[in-house]
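Novice: Next up is a structure, given as structure tokens.
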Amino acid sequence: MLKLNNAHLSALNDETNKYLILKSPMGIDYTRFQQLLSQQQWQAANEETAKKML
-1 MLKLNNAHLS ALNDETNKYL ILKSPMGIDY TRFQQLLSQQ QWQAANEETA KKML
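Written out as structure tokens, the structure reads:
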């Protein structure tokens, strides 16, 4: 069984995010939102969501 600690998961998440691109049919750039989520900055990500929805 593979066991990963938080440091391993964070590194894996960072590496994965390099290759994931969120695309929007409306042309909205979600890069900042994606960065906030990958850094587990939930409140800031919520605020970014609100900005994009206005």
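Going by this note's numbering, the final residue of the sequence shown carries number 52, and the count climbs one at a time with no gaps. Positions of the beta carbon are idealized from the N, C-alpha and C atoms, including for glycine.
1. Can you give the Cα-Cα distance for D27 and Q33, rounded to whole angstroms?
2. Helix, strand or coil for D27? Go by DSSP, reduced to three states.
3. Taking the C-alpha atoms as reference points, what is the distance between L0 and K21?
4. Which same chain residues end up closer than 8 Å to R30 when comparing Cβ atoms and leaving out the 5 residues on each side of it in sequence?
5. Is DSSP giving N51 helix, strand or coil here?
Specialist: Quick look at the numbers:
1. 12 Å
2. coil
3. 32 Å
4. E46
5. The sequence shown places Met at residue 51, rather than the Asn named in the question. In this structure, M51 counts as helix in the three-state DSSP scheme.
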